[in-house]
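Peer 1: Keeping their order, the protein sequence lines are chains W and R. So the first sequence is numbered by the working numbering: it starts at 1 and just counts up by one. So the second sequence is numbered by the working numbering: it starts at 1001 and just counts up by one. Cβ atoms here follow ideal geometry from the backbone N, Cα and C, with glycine treated the same way. Note that the coordinates shown come from a computational prediction; the quantities given were computed from them, not determined experimentally. Have a look at the structure that comes next, please.
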Amino acid sequence: MNKEVIIEKINDFLIDEFEVEAEDLSPEANLKEALELDSLDFVDLVVAVEANFGVKLVGEDFINILTLQDFYDLIENKLS
Amino acid sequence: MNLLKEPITDQNIILKLIPQRAPIIMVDALLYFDDSKVISGLTVTSDNMFVQNGFFTEPGLIEHMAQTVALYTGYHFYIKNTPAPEGYIGAIKGVTIEKLPKVNMQLETEVEILHEIMGVTLVKGTTKLNGEVIVTAQMKTVLKN
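Written as structure tokens, this is what we have:
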């Protein structure tokens, strides 16, 4: 799966399931603040990633994740 | 595989597994425990604060399911000889309640741990009454701190 497809799938479920506005989905957007994802949303994020990519994330995976770009990179690394 | 040698019904031990205290204790037995599943029990007594007109009401059923999750977490801590952590219900969805149990009936609730991350536990719960499913729900519980 190439990076463009990964980004598209992530953006799709952020819009559809997390009610994030499409215009807020810039790579430098802060996941917690700009996208307003709270701690309860993160477990849904894990579920969505598992459903869309077959990858199971754990808490440690999020330690250095601040921006949406970090999140794209995390999923890409998990899939590689 | 059940990691309990036998069901835990001693109320002194149950109190060590959950942070709740009377009158809000909505589990009285730990029947099954493994890494991804827990089964609790509760006999509905007439003095239960959620009993109205002889029936165990909806908030009690939800609290019973939440305390089943607390049992799961608490047992993890108990075997490490650490006090049960406090927590709260963060979100609940997909609740269906088919029937309210009457006083003296015994509930059995199975909770499947779907995900645990950053102190949030996502579970799917099913409560049965004499083998009949009466409640299903998905719940997020959050550990304090």
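If you draw a straight line from the C-alpha of R/P1059 to the C-alpha of W/N77, how long is it?
Peer 2: Against the second sequence, residue 1059 of chain R aligns to sequence position 59. Against the first sequence, residue 77 of chain W aligns to sequence position 77. Computed Cα separation, rounded: 44 Å.
Peer 1: In this structure, how does DSSP classify R/V1044 when only helix, strand and coil are distinguished?
Peer 2: For the purposes of this step, residue 1044 of chain R is identified with residue 44 of the second sequence, where counting begins at 1. If DSSP states are grouped into helix, strand and coil, R/V1044 belongs with coil.
Peer 1: Should the segment 43-53 of chain W be regarded as contacting the segment 1105-1124 of chain R, the criterion being three or more beta carbon pairs within less than 8 Å?
Peer 2: At 8 Å Cβ cutoff, the stretches touch.
Peer 1: Please tell me whether R/V1051 and R/V1103 are closer than 8 Å, where the distance is taken between their beta carbons.
Peer 2: Taking the second sequence and counting its residues from 1, the one referred to as residue 1051 of chain R is at position 51. Taking the second sequence and counting its residues from 1, the one referred to as residue 1103 of chain R is at position 103. Cβ atoms of R/V1051 and R/V1103: closer than 8 Å.
Peer 1: Against R/A1091, what residues of chain W qualify as contacts under a CB-to-CB distance less than 7 Å, listed in chain order?
Peer 2: Against the second sequence, residue 1091 of chain R aligns to sequence position 91. In chain order: L40.
Peer 1: Do the segment 55-70 of chain W and the segment 1134-1145 of chain R make contact, defined as three or more Cβ pairs closer than 8 Å?
Peer 2: Verdict: no, contact absent.
Peer 1: Give the residues of chain W in contact with R/K1140, contact being defined as C-beta atoms less than 8 Å apart.
Peer 2: The residue given as residue 1140 of chain R occupies position 140 in the second sequence. The contacting residues are L40, V43.
Peer 1: Pick helix, strand or coil for R/D1158, following the three-state DSSP scheme.
Peer 2: A query on residue 1158 of chain R cannot be resolved here, the shown segment of chain R reaching from 1001 to 1145 and no further.
Peer 1: Would you say W/G54 lies against chain R (beta-carbon separation less than 8 Å)?
Peer 2: Position 54 of the first sequence, counted from the first residue, corresponds to residue 54 of chain W. Taking Cβ atoms only, chain R never reaches closer than 8 Å to W/G54, which makes this a no.
Peer 1: What separation, rounded to the nearest whole angstrom, lies between the Cα atoms of R/M1139 and R/I1089?
Peer 2: Along the second sequence, read from residue 1 onward, the residue named residue 1139 of chain R stands at position 139. Along the second sequence, read from residue 1 onward, the residue named residue 1089 of chain R stands at position 89. Rounded to whole angstroms, R/M1139 to R/I1089 spans 7 Å at the Cα level.
Peer 1: Is R/V1133 helix, strand or coil when you go by DSSP?
Peer 2: Translated into positions along the second sequence, residue 1133 of chain R becomes position 133. Strand.
Peer 1: Using a Cβ-Cβ cut-off of less than 7 Å, list which residues of the segment 1038-1069 of chain R approach chain W; keep chain order.
Peer 2: Cβ contacts with chain W come from no residue of the segment 1038-1069 of chain R.
Peer 1: Going by DSSP, what residue range makes up the beta strand (DSSP E) through R/A1091?
Peer 2: Here residue 1091 of chain R refers to the residue found at position 91 when the second sequence is read from its first residue. Where R/A1091 is concerned, the enclosing beta strand (DSSP E) stretches over 1087-1097.
Peer 1: Using a C-beta to C-beta distance shorter than 7 Å, which residues of chain R count as neighbours of W/V46?
Peer 2: Position 46 of the first sequence, counted from the first residue, corresponds to residue 46 of chain W. Within 7 Å Cβ-Cβ: H1115, I1117.
Peer 1: DSSP three-state call for R/Q1020: helix, strand or coil?
Peer 2: Locating residue 1020 of chain R in the second sequence gives position 20, counting from the first residue. Correct three-state label for R/Q1020: coil.
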